[in-house]
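See structure below.
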Amino acid sequence: MQITFDQVSHLYGKGTPFERLALKNISLEIPSGAFVGIIGQTGSGKSTLIQHLNGLLSPTSGEITIGDVVITPTKRIPPAKRKDIGLVFQYPEHQLFEETVAKDVCFGPLNFELPQSMAESRAREALELVGLDYEGIKDRSPFQLSGGQMRRVAIAGVLAMQPKVLVLDEPTAGLDPAGRKAILEGIHRIHREQNLTTLLVTHSMEEAARYADLMLVLAGGEVVMQGRPEEVFQQADRLRQLSLDVPQTVSFISRINQLLPDTARLPATLYREEELIAHVLKRLSVPKEC
Amino acid sequence: MNENLLTIRNVTFSYDGEEGQRVEVLKGVDLTISKGSFVSIVGHNGSGKSTLAKLMNALLLPENGTILVSGADTRNGEMIWEIRRHVGMVFQNPDNQIVGATVEDDVAFGLENMGVDPQEMRKRIDEALHSVGMENYALAQPYRLSGGQKQRVAIAGIMAMRPSVIILDEATAMLDPQGRQEVMHLAKRLNREEGITIVNITHFPEEAVDSDRVIVMNRGEVLMDGQPGEVFSQVERLQEVGLDVPFAVRVHHELVAKGYDLPFGLHQEELVEHLCRLLLTR
Amino acid sequence: MLQNIAIGQYVPGQSFLHRADPRSKLLFIIVFATLVFLANNTITYSILIVFTTFSILLSRLSLTYILKSLKPVWFLILFTVVLHIFITKGGTVYYQLGSFTIEEQGLRQAIFISIRLGLLILFSSLLTLTTSPMDLTEGLERLLGPFGRIGVPVHEIALMMSIALRFIPTLMEETDKIIKAQTARGADFTSGNLVRRAKNLIPIAIPLFVSAFRRAEELALAMEARGYRGGVGRTRLNKLRFSWRDSMIAVAAVLLILAVGWWRT
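Protein chains in written order, with this note's numbering: chain A, 6 to 295; chain B, 408 to 689; chain C, 922 to 1186.
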C-alpha cells in the first residue's frame, strides 16, 4: 500500500502547559512494497509518526493517505481498515496476555470478527512465518517462553491480522546478536513473501543499511532526510551533526578513500557489508597494472 | 595491580526448571578478576553471565565452590553488607532500579542503608553526581530523564558508596546508541581515573574491544578468556555460539579466508591502514 | 487520556505554602478539620471560609485549578444536601407538597454540611497541590515516628508510599502503551455493556500486572544490591527543617482555635 503524508503536524497536550509540537509539517511518500528504515534519536518523533498510520493518533493538521483511505484531523480511519496496518510496538512481548500462545495470536483476528476456525489457521500460518513450530508451541503459556520466543509470538499476533503494511518499532531491542539477526531476517523474508510495505524504526544504522531500500531520517519532529540509503549515507557530516552514526561500512569507505589515490577509490554505494567485501575481493584478485 | 579482587573457584549454580528438573546455569566456573581491570563478559542469552554477576555481590549464593570478594566469602552472612558496598551493580532496565523520587534521593538510598551521617551523605552525593556529570539534575524526577541519564544516576548511587568494583549487567541493552555511549564513556573514565574495577556484561562486541580482558561464557562455562585480540580472532568459534565480532574483524576474517595476507586488527583504523597497503601494493 | 487522572497532583512553586514544612501543614490540617466539625453557626463558618480563601491566595495557585478538586465530590455534596433536606426536620416550614416538607433545620444542615465537605476537600487539596509527594511521605514518616516504638512499621509504610508514588508515572506510561498496542490489534474499549467492557479490560490488566510484578521483582533485587535491609540503622538525607513560616502557621492555628472557640454556640 502506498503511504503519503501531506503537511502533517501533531501537537501533544493542546492547551495545557505541556503543549509540544511532536511532528512539524511532515510530507513524505512511501511507495507500495518498500522496506523503509526510519532513523532518528529518542524524541525525534518516530513513535508519534508511526502511531498516525493506524489512527492511534490523529494529525493536528495535514492529510495522510494510506492506499485508498484518507485520514485528516476530523476524518479517522474506518475501524475495519485498521487491520491493514500491523503495528508492532517496542518490546511487544509485554502485551501478551492469554493463557496459551495460540489464543494470544488469535486475539487480533477475532477482534476483526473472523470465525474461530479461520483465526486458528491464521495463527498457525503466522507462527510458522516467524519460525515457530505451531504444534509444539500453541498450547504453551506465552509467559514461560524465552525472551526471543515471546517476541516472535507477539509479532505473529500482528501478522495474523494479515496486514498490508507492517510497522515495527525497534523489533530487536534488548535481544542478543543471534536473536536480533533471526528476527530481522525473518521480517525481511516475510516482507518479500507477503509483498508487504514495511516500516522499520531502528536506532541501528547497520540494520537500516542492511534491509532498507528507502530511508527517513527524523530530527526534532521533522523529516530531515529521505531517500535511498546510499543518498542518505553520503551526507555523513549532516548525520553526525544530528548525532547519528553512519554504518561502519560507510565510515570505512570514507576513511580508506582518504588514503587511496583518486583512481583507486571505492564506490560510496557499497553500504551493504557483503557487497563491500565482494568488491574488495574482486579488486584484490585483479592484478594492478603499474 | 595484580591483586585479586574477585576470586571465583569451581562455582556451580542451578535452579528448578519448568518441569521439576534441575537446570544447570553454571557448571564449574573458575575466574579471578584483578583490581583496577576492565573486564568484559560476553555470551548469548542464557549463557549464565547474569547469574555470575549476581553471585559476585551475594544476591545469589553458589551451590558449590566459593566466591571471595577482597578475601571475604560471599557465604559469610556477617560480611554480606560490606560485600555489597564493595560490589556495585547496574541492571538492565533503567526504570526498575531507581528507588528515589528525585535523583539525589536515589543516590542517597545506598548511603541511607549504610547509615551514613546526613552531612557526610550530602558531600558524597554531590561528589558522586559530579563524577557522573549529573550535578545539574540533583532535584529532577527520574522518570523525566533519558535512559542513559538514568543509568548514570544508578552509577552515581554506587559511586557514593565508594565501591571497588562496578558490575554492569547488560546495563546498555535497553539504551539508544547515544545512551550506550554515555554509559560506556563513563565506565571507562571511572576505571581510568578513579581506579574502579569494571565488569561489563554485554552483547555488543564493540563495547568489549577496548577492555583489558574478554571472557566468553557459553552454556554455563567459560569458553574463552583472554585479551580482546586473542578472543575476537576466533571468529568461527564465536559465531558458533551466537556471538558477533567487530566489523573490522569480520572483514579481516573474510579476506584471510580467501587467502590474503592481512595483519589482524580490532579497530576500523587498523583495517583501513592494512587494507590500503594491500590494495596499493597489488 | 491518562493525563487527566490527578494523583498527588503536585504543582511546583515557591509560595509561602510551598515552602512551609510538610509536618506543620499536616498538623494544621488536623487542627483545621477539627475546627470545621466544631463550627456550628454563621460566624464560625464565615471565619473558616475567609481563612480558606486567604490560604488559597497564599498558595498563588489559580482558583479554577483548585476548584477543580471539588469535581469528583460534587455528587457526594449534592447527595448529603438532598438527604438533609428530606430527613432533618424542625423550625419554619418553607415549602410543603403533601407529606414532603422543606424545613428550616433541614436547609440549615444541608448548607452547613456542604460547606464542611467543601472546606475539607479544598484544604486537603491545597496540601497536596503545594507539597511534593516525597515531602509529604517524609513528613508523615517523621510525624508517625513515635508509633515505630510500639511496633508500627512506620519506615516500611513510608518507603512503600514513596516507591508507589515514584512508579505512578512509569505505570501510567506503560498503561497508555498497552492500551495502544491492544487497540492496534483491534481491541475495543469503548463499546458494549458493562460486563462486556469489564471483560475487554483483561488484555490491559494482565500485561499491566505482569509488568508490575516484574518491575517489583527487579526493584527488590536492585534495592538489595544496594544494601537495603529494612529500617534498622538507616539514616536519612535530612531535608525537613522548620522555619519562620511554620511559626506563622502555628500562630494562625492558635488564632483560629480561639476565634472558633469564642464564637461557636
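Every residue gets a Cβ at the ideal spot worked out from N, C-alpha and C, and that includes glycine.
- Residue burial annotation: residue 463/B is buried, with at least 16 other C-beta atoms found within 10 angstroms of its C-beta.
- Counting C-beta pairs with one atom in each stretch, the region 194-202 of chain A and the region 157-173 of chain A have three or more that are closer than 8 Å, which means they touch.
- Residue 275/A is not a Cβ neighbour of residue 261/A, given a cutoff of 8 Å.
- Take residue 566/B, set aside five residues on each side of it, and the residues of its chain with a beta-carbon closer than 6 Å to its own are 535 and 538, in chain order.
- Counting the other CB atoms within 10 Å of its CB gives residue 965/C a total of 16 or more, which places it among the buried residues.
- Think of a sphere of 7 Å around the beta carbon of residue 47/A: the chain B residues whose beta carbon falls inside it are 553 and 583, in chain order.
- Between residue 653/B and residue 671/B, the CB-CB gap reaches or exceeds 8 Å.
- In the three-state reduction of the DSSP assignment, residue 229/A falls in the strand class.
- In the three-state reduction of the DSSP assignment, residue 1013/C falls in the coil class, being assigned neither a helical nor a strand state.
- Distance from residue 220/A to residue 45/A at the Cβ level is roughly 11 Å; contact not present, criterion being Cβ atoms closer than 8 Å.
- Contact holds between the region 489-500 of chain B and the region 571-583 of chain B, because three or more Cβ pairs, one in each stretch, are under 8 Å apart.
- Boundaries for residue 57/A: no alpha helix (DSSP H) harbours it, and the DSSP string shows neither H nor E there.
- With 16 or more other Cβ atoms from the protein chains shown falling within 10 Å of its own Cβ, residue 520/B counts as buried.
- Leaving aside the five residues that flank residue 265/A on each side, the residues in its chain whose CB is nearer than 8 Å to its CB run, in chain order, 271.
- In this structure, the alpha-carbon of residue 485/B lies about 40 Å from that of residue 637/B.
- For residue 248/A, a Cβ of chain B is located within less than 8 Å of the residue's own Cβ.
- Residue 454/B carries a coil assignment under DSSP once its states are collapsed to helix, strand and coil.
- Distance from the CA atom of residue 1066/C to the CA atom of residue 1075/C, rounded to whole angstroms, is 6 Å.
- The alpha helix (DSSP H) runs of length 4 or more contained entirely in the region 409-496 of chain B are, from start to end of the chain, 456-463 and 487-493.
- Here residue 1094/C is exposed. Its C-beta has fewer than 16 other C-beta atoms within 10 Å.
- The DSSP assignment places complete beta strand (DSSP E) segments of no fewer than 3 residues inside the region 19-98 of chain A at 25-35, 40-45, 66-71, 74-76 and 90-93, in order along the chain.
- The DSSP-derived three-state label of residue 628/B is strand.
- For the pair of segments examined, the region 942-960 of chain C was found not to touch the region 1069-1083 of chain C: the number of CB pairs separated by less than 8 Å stays below three.
- Where residue 652/B is concerned, there is no enclosing alpha helix (DSSP H), because DSSP gives it neither an H nor an E.
- Within chain A, the residues placing a beta-carbon under 7 Å from that of residue 667/B are 289, ordered along the chain.
- Under the Cβ criterion (8 Å, minimum of three pairs), the region 507-520 of chain B does not count as touching the region 588-599 of chain B.
- By a beta-carbon distance limit of 8 Å, residue 1052/C does not contact residue 524/B. Their separation comes to about 27 Å.
- When the five nearest sequence neighbours on each side are left out, the beta carbons in the same chain lying within less than 6 Å of the beta carbon of residue 575/B are those of 497 and 607, in order along the chain.
- Residues of the region 1127-1148 of chain C that bring their beta carbon within less than 9 Å of a beta carbon in chain B comprise 1135, 1136, 1137, 1138, 1139, 1140, 1142, 1143, 1144, 1145, 1146, 1147 and 1148, in sequence order.
- Looking at the backbone, the Cα of residue 468/B and that of residue 625/B are separated by about 20 Å.
- Here the C-alpha atom of residue 1063/C lies approximately 19 Å from the C-alpha atom of residue 938/C.
- Boundaries of the alpha helix (DSSP H) around residue 681/B: 675-688.
- The three-state secondary structure of residue 15/A, taken from DSSP, is strand.
- The region 1142-1153 of chain C makes no contact with the region 1040-1054 of chain C; the number of CB pairs closer than 8 Å stays below 3.
- At a Cβ-Cβ threshold of 8 Å, residue 447/B and residue 604/B do not count as neighbours.
- Within the same chain, Cβ atoms closer than 7 Å to the Cβ of residue 506/B are found at 513 and 516, the five residues on either side in sequence being excluded.
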